[in-house]
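K.L.:
One line per chain: the protein sequences are L and V, in this order.
As numbered in UniProt numbering, residues 1 to 382 make up the first sequence, in order.
As numbered in UniProt numbering, residues 1 to 382 make up the second sequence, in order.
Protein chains: 2
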Amino acid sequence: MSTRTAATALDEVDPLAKLRNHRGPSPGVIHLDGNSTSPAIDTAIRPRRFIEHHWARPPRGHNPFPELRGAVRDLAALLGASASELALTDSSSMNLFRALVAGAELRPGRSVLVVGRDCFPIDRYLARSAADFTGSELVLLDDLAELDEVLDERTAVVALAHVDDRSGAVRDAAGITAEIHRAGALALWDLSNSAGALHVDLGTWEADFAIGCGDKYLGGGAGAPAYHFVAERHHATERTAGTSPAGRRTSSPTLSVAGFRESLSRLGAVTSASLQNKTSSLVELFLTRLEPYRDGTAPEVLEPPKGAPRGAQVVLRHHHARYLVQGLFAHGVIVDFVEPDLLRFGFSPAWLSYVDVWEAVEALGTVLHELPAGFDPENGRS
Amino acid sequence: MSTRTAATALDEVDPLAKLRNHRGPSPGVIHLDGNSTSPAIDTAIRPRRFIEHHWARPPRGHNPFPELRGAVRDLAALLGASASELALTDSSSMNLFRALVAGAELRPGRSVLVVGRDCFPIDRYLARSAADFTGSELVLLDDLAELDEVLDERTAVVALAHVDDRSGAVRDAAGITAEIHRAGALALWDLSNSAGALHVDLGTWEADFAIGCGDKYLGGGAGAPAYHFVAERHHATERTAGTSPAGRRTSSPTLSVAGFRESLSRLGAVTSASLQNKTSSLVELFLTRLEPYRDGTAPEVLEPPKGAPRGAQVVLRHHHARYLVQGLFAHGVIVDFVEPDLLRFGFSPAWLSYVDVWEAVEALGTVLHELPAGFDPENGRS
């Protein structure tokens, strides 16, 4: 596993290798920045085709619904949902607001909304907004271990990220959903950091609501449309903020949907279990390859808490993290920098090869080597 | 005015002719279907450029905000707003919900939301939703003449379309806003059928809120992003459903924003007054050219009620409207059919030439001529 040849051999037998069959606009760049965009597919293909063959062609040639329906169908398959339970619309923040309000309405005698603190800051404002408009109390959950304490007969909804964005730990969504249901509350899952990389099965989990963004592992790129799941069993009684009875859809941004659909049509051809398998293998290769660099001066690998399974990301701590990120960039490897001293690597099973991961660690080794002993970032590179 | 040469002459001196300098994907087709898309600009240009030059290029090359800021700046100029008052986000239905809720919150002692019935059906659901979540009563206004009766000390917000989509009549936005303000209520304008074709000046009107879609006269095409205006004076106290304090934006669909920006960057170079002037001239040419066909069998021209000014659309009534729409399509002219017997023509000053309008009436004359006397649509074309 420690040679480039071994990585090449893994690529040769990779059943998902065909997903990478694209000509992206940035060949030679390895995208491990899960935060904003997956390795770029040539996302221009489908928007262009849509404009030329649907939009501009009369009559009623500009009907955007085939694009939308196709995208919803592929995404539903990947999430273990049915197409009628899923809407591609608005932003993930707006969809969080919507789902929290719907949850509060479905549990009228309960007045507490519990939301994991590991969501984006803007989502916390939306959660506050949902609490205000439903006359609920908002409880921000710092740690999953506190769930037991806050979960009681006053809890209407619990909103949690499937993957803790700080530690990369995967939560036991089915088990936690069951616990939430035992307390009589509803479960809302944010799939932004898992869909497209990990096994997701909203039906089996018995999730009530789910939301997520279309970028990151789903490959929809910057500003991809967001999605919104409501379990079929709630459709009759749900009365969500800002929805119509006809499928909870408002309108969707067609060009962005068309771009998103390009990657969804590839992901829709495989199972989320096979994506999860490859994610694990990529992460394992990364960690194995990193072993030789684990000494006193090399980055520390942050471990998920209490043996929770690791998702599709690895976070490294290094006191010169900012400079390492810049150095990696110079070598064509893009990772996220998290203030003050973290490097976050995201592993998208659909768009990355084993050789990509091998090369990324090779680049990290080079950059670590280039960093002179006694390097002081305040005073330049020497 | 009744010859093709005269129309050509008008095009030659048209100060807005430069806006049409585009290579759309459907040359030779005249789009008068204001409902869903303007004549197609080659909207692929900017999404493609965005993908290749911003999205795919590290580092942080996928930052979508320059696209968004550019689009907001150009749109604000066209609406008489400042960029800080405008957000390009979510769908117009969602933005209606948001603005109604914000309005209700800004007028806490008042419990009635008044909404013009001439909005899309889905918007009525969203209005109902906003009323439910704010504990307000929803009053749907059938006719502007009823405004006097419903406007009282219980009214929190009045939401109206700037242009009545049924009759094409333009409403006196400044005057009506003043009347609403005299009653202590807030004014919310839907600009979907006017922005890009008529003079709009939210600042001078003293509008409190405005919403609109990016397609129709703004040229953003099918599924273009929606927009949302909140007057500066309400920013300190506004507490809108589903917003963050940092500029009321959630995320925006970047590819669709990039497509929309392509047309906004052209529209941003002219004034809405000059757009309105050309719209009037196009409509005048259309009506003048139509005179010879105004006999017993020809379409009836629907007039706006009570001498209200006509906007950018003309509606014709004909008992074979459906067949006329199909016939026009065969001649490369796209108009909207409205059940059961109406043809709706929309005149986009930015993308249409005078010759286009001349040709459209020529095609209508041909189609009327082709329709045999005694034509029975139930039994085919003879």
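Just so you know, even glycine gets a beta-carbon here, dropped at the ideal spot from N, CA and C.
Please read all numbers here as calculations on a predicted model, not as lab measurements.
1. Helix, strand or coil for residue 394 of chain L per DSSP?
2. Let me know if residue 394 of chain V comes out buried or exposed under the rule of 16 or more other beta-carbons within 10 Å of its beta-carbon.
3. In terms of alpha-carbon separation, which member of V:G311, V:L328, V:F286 and V:V158 lies closest to V200 of chain V?
4. So, is S110 of chain V buried or exposed, given that buried needs 16 or more other C-beta atoms within 10 angstroms?
5. What are the boundary residues of the beta strand (DSSP E) that G116 of chain L is part of?
6. May I ask you to list, following chain order, the residues of the region 127-140 of chain L that have a beta carbon less than 9 angstroms from some beta carbon of chain V?
7. For chain L, check one thing: does any of its Cβ atoms lie closer than 8 angstroms to the Cβ of G247 of chain V?
8. Can you grab the Cα-Cα spacing for the pair Y293 of chain L / V361 of chain L, in whole Å?
9. For the region 254-287 of chain V, which residues have a CB atom closer than 9 angstroms to at least one CB atom of chain L, in sequence order?
10. So what does residue 416 of chain V bridge to, in DSSP terms?
11. For the region 357-371 of chain L, enumerate the residues whose C-beta is nearer than 8 angstroms to any C-beta of chain V, in chain order.
12. Excluding the 5 residues flanking A81 of chain V on each side, which residues of the same chain have their C-beta closer than 7 angstroms to its C-beta?
13. Against P66 of chain V, what residues of chain L qualify as contacts under a CB-to-CB distance less than 7 angstroms, listed in chain order?
14. For S225 of chain L, would you say it is in contact with chain V, using Cβ-to-Cβ distances shorter than 8 angstroms as the test?
15. Does the beta carbon of P108 of chain V come closer than 8 angstroms to any beta carbon on chain L?
16. Counting only beta-carbon atoms, is A222 of chain V nearer than 8 angstroms to chain L?
17. Our contact map puts D215 of chain V next to A222 of chain V with C-beta atoms below 8 angstroms; I'd like the distance itself, whole angstroms only.
18. 8 angstroms is my cut-off, CB to CB: does S252 of chain V come that close to chain L?
19. Identify each residue in the region 84-97 of chain V for which the Cβ-Cβ distance to at least one residue of chain L is less than 9 angstroms, and report them in chain order.
20. Could you compute how far the alpha carbon of Y125 of chain V sits from the alpha carbon of S194 of chain V?
21. Taking the C-alpha atoms as reference points, what is the distance between R69 of chain V and T5 of chain L?
22. For the beta strand (DSSP E) that contains L218 of chain V, what are its first and last residues?
23. Below 8 angstroms between beta carbons: does that hold for L218 of chain V and D190 of chain V?
24. Would you call the CB atoms of V158 of chain V and L188 of chain V closer than 8 angstroms?
25. Pull up the distance between the alpha-carbon of D165 of chain V and that of R344 of chain V, whole angstroms please.
26. Which first and last residues belong to the alpha helix (DSSP H) in which D356 of chain L is found?
27. If you draw a straight line from the alpha carbon of L342 of chain L to that of R317 of chain L, how long is it in whole angstroms?
28. Rounded to a whole number of angstroms, what is the C-alpha to C-alpha distance between A71 of chain V and L86 of chain V?
29. Going straight from the alpha carbon of A321 of chain V to that of V315 of chain V, what length do you get?
30. In the DSSP assignment, find the beta strand (DSSP E) that holds V137 of chain L and state where it starts and stops.
31. What's the gap between the Cα of R381 of chain L and the Cα of E370 of chain L?
32. Whole-angstrom Cβ separation of S265 of chain V and D74 of chain V, contact assumed at under 8 angstroms?
33. Kindly indicate if chain V contains any beta-carbon less than 8 angstroms away from that of R23 of chain L.
34. If you follow the beta strand (DSSP E) that L302 of chain L is part of, which residue opens it and which one closes it?
35. Taking a contact to mean a Cβ-Cβ separation below 8 angstroms, would you say V270 of chain V touches D33 of chain V in this structure?
36. Taking DSSP as the reference, what is the three-state secondary structure of V270 of chain L?
P.N.:
By the coordinates alone:
1. Nothing in the structure corresponds to residue 394 of chain L, since chain L is present only between 1 and 382.
2. Within the shown structure, residues of chain V are numbered from 1 to 382, placing residue 394 of chain V beyond reach of any answer.
3. The residue given as residue 200 of chain V occupies position 200 in the second sequence. Of the listed residues, the one whose Cα sits closest to V200 of chain V is V:G311.
4. As a position in the second sequence, residue 110 of chain V is number 110, starting the count at 1. According to the sequence displayed, residue 110 of chain V carries Arg and not Ser. Counting Cβ neighbours within 10 Å, R110 of chain V comes out buried, since at least 16 surround it.
5. The count along the first sequence starts at 1 and reaches residue 116 of chain L at position 116. Where G116 of chain L is concerned, the enclosing beta strand (DSSP E) stretches over V112 to G116.
6. S129, A130, D132, F133 and T134
7. For this step, residue 247 of chain V is matched to residue 247 along the second sequence. Residue placement at G247 of chain V is poorly supported in this model, since its pLDDT is 41, which falls under 50; the coordinates are not used for a value here.
8. As a first step, residue 293 of chain L must be located in the first sequence, where it is residue number 293. As a first step, residue 361 of chain L must be located in the first sequence, where it is residue number 361. Cα-Cα distance, rounded: 9 angstroms.
9. T254, L255, S256, V257, A258, G259 and F260
10. No statement about residue 416 of chain V is possible, as the shown extent of chain V runs from 1 to 382 and does not include it.
11. Here the close residues number zero.
12. Here residue 81 of chain V is taken as the residue at index 81 of the second sequence, counted from 1. L202, G203 and F229, listed in sequence order.
13. As a working note, residue 66 of chain V is residue 66 in the second sequence. Here the premise fails: no neighbours, minimum Cβ distance about 11 angstroms.
14. Numbered from 1 along the first sequence, position 225 holds the residue referred to as residue 225 of chain L. In the sequence under discussion, the amino acid at residue 225 of chain L is Pro, which differs from the Ser named in the question. Yes, its Cβ sits closer than 8 angstroms to a Cβ of chain V.
15. Mapped onto the second sequence, residue 108 of chain V falls at position 108. No, P108 of chain V lies away from the interface with chain L (no Cβ there is under 8 angstroms from its Cβ).
16. Indexing the second sequence from 1 puts residue 222 of chain V at position 222. Closer than 8 angstroms: yes.
17. Within the second sequence, residue 215 of chain V is the residue found at index 215, counting from 1. Within the second sequence, residue 222 of chain V is the residue found at index 222, counting from 1. D215 of chain V to A222 of chain V, Cβ: 6 angstroms. Contact.
18. Numbered from its first residue, the second sequence carries residue 252 of chain V at position 252. Closer than 8 angstroms to some Cβ of chain L, the Cβ of S252 of chain V qualifies, so yes.
19. Listed in sequence order: T89, D90, S91, S92, S93, M94, L96 and F97.
20. Walking along the second sequence from the start, residue 125 of chain V turns up at place 125. Walking along the second sequence from the start, residue 194 of chain V turns up at place 194. Y125 of chain V and S194 of chain V have their C-alpha atoms roughly 23 angstroms apart.
21. Start at 1 with the first residue of the second sequence, and residue 69 of chain V comes out as number 69. Start at 1 with the first residue of the first sequence, and residue 5 of chain L comes out as number 5. Near 47 angstroms, if we compare the C-alpha coordinates of T5 of chain L and R69 of chain V.
22. Along the second sequence, read from residue 1 onward, the residue named residue 218 of chain V stands at position 218. That residue, L218 of chain V, is in no beta strand (DSSP E); it is neither H nor E in DSSP.
23. Position 218 of the second sequence, counting from 1, holds the residue named residue 218 of chain V. Position 190 of the second sequence, counting from 1, holds the residue named residue 190 of chain V. Taking 8 angstroms as the Cβ cut-off, L218 of chain V and D190 of chain V do not qualify as a contacting pair.
24. Position 158 of the second sequence holds residue 158 of chain V. Position 188 of the second sequence holds residue 188 of chain V. Contact flag set, yes.
25. Taking the first residue of the second sequence as 1, we reach residue 165 of chain V at position 165. Taking the first residue of the second sequence as 1, we reach residue 344 of chain V at position 344. D165 of chain V and R344 of chain V: Cα-Cα distance of roughly 10 angstroms.
26. As a working mapping, residue 356 of chain L is identified with position 356 in the first sequence. Segment Y354 to E370, the alpha helix (DSSP H) holding D356 of chain L.
27. Translated into positions along the first sequence, residue 342 of chain L becomes position 342. Translated into positions along the first sequence, residue 317 of chain L becomes position 317. Straight-line Cα distance between these residues: approximately 5 angstroms.
28. Residue numbering aside, residue 71 of chain V sits at position 71 when the second sequence is read from its first letter. Residue numbering aside, residue 86 of chain V sits at position 86 when the second sequence is read from its first letter. Cα-Cα distance, rounded: 10 angstroms.
29. Here residue 321 of chain V corresponds to residue number 321 of the second sequence, with the count starting at 1. Here residue 315 of chain V corresponds to residue number 315 of the second sequence, with the count starting at 1. When rounded, the distance between both Cα atoms is 11 angstroms.
30. The residue given as residue 137 of chain L occupies position 137 in the first sequence. Here residue 137 of chain L is Glu; the residue named in the question, Val, does not match the sequence. That run of the beta strand (DSSP E) goes E137 to L141.
31. As a position in the first sequence, residue 381 of chain L is number 381, starting the count at 1. As a position in the first sequence, residue 370 of chain L is number 370, starting the count at 1. With a pLDDT of 44 at R381 of chain L, under the threshold of 50, the modelled position of this residue cannot be trusted; read the value that follows with caution. Cα to Cα, the separation comes out at about 10 angstroms.
32. On the second sequence, residue 265 of chain V is found 265 positions in, with the first residue counted as 1. On the second sequence, residue 74 of chain V is found 74 positions in, with the first residue counted as 1. Between D74 of chain V and S265 of chain V the Cβ distance is about 6 angstroms, and since that is below 8 angstroms, they are a contact.
33. Here residue 23 of chain L refers to the residue found at position 23 when the first sequence is read from its first residue. With a pLDDT of only 47 at R23 of chain L, under the threshold of 50, the placement of this residue in the model should not be trusted; the figure read from the coordinates follows. For R23 of chain L, the answer is no, since every Cβ of chain V falls outside 8 angstroms of its Cβ.
34. In the first sequence, counting from the first residue as 1, residue 302 of chain L sits at position 302. Segment: none, L302 of chain L is in no beta strand (DSSP E) and carries neither H nor E.
35. For the purposes of this step, residue 270 of chain V is identified with residue 270 of the second sequence, where counting begins at 1. For the purposes of this step, residue 33 of chain V is identified with residue 33 of the second sequence, where counting begins at 1. Contact: no.
36. Your numbering for residue 270 of chain L matches position 270 in the first sequence. The answer is coil: DSSP assigns V270 of chain L none of H, G, I, E or B.
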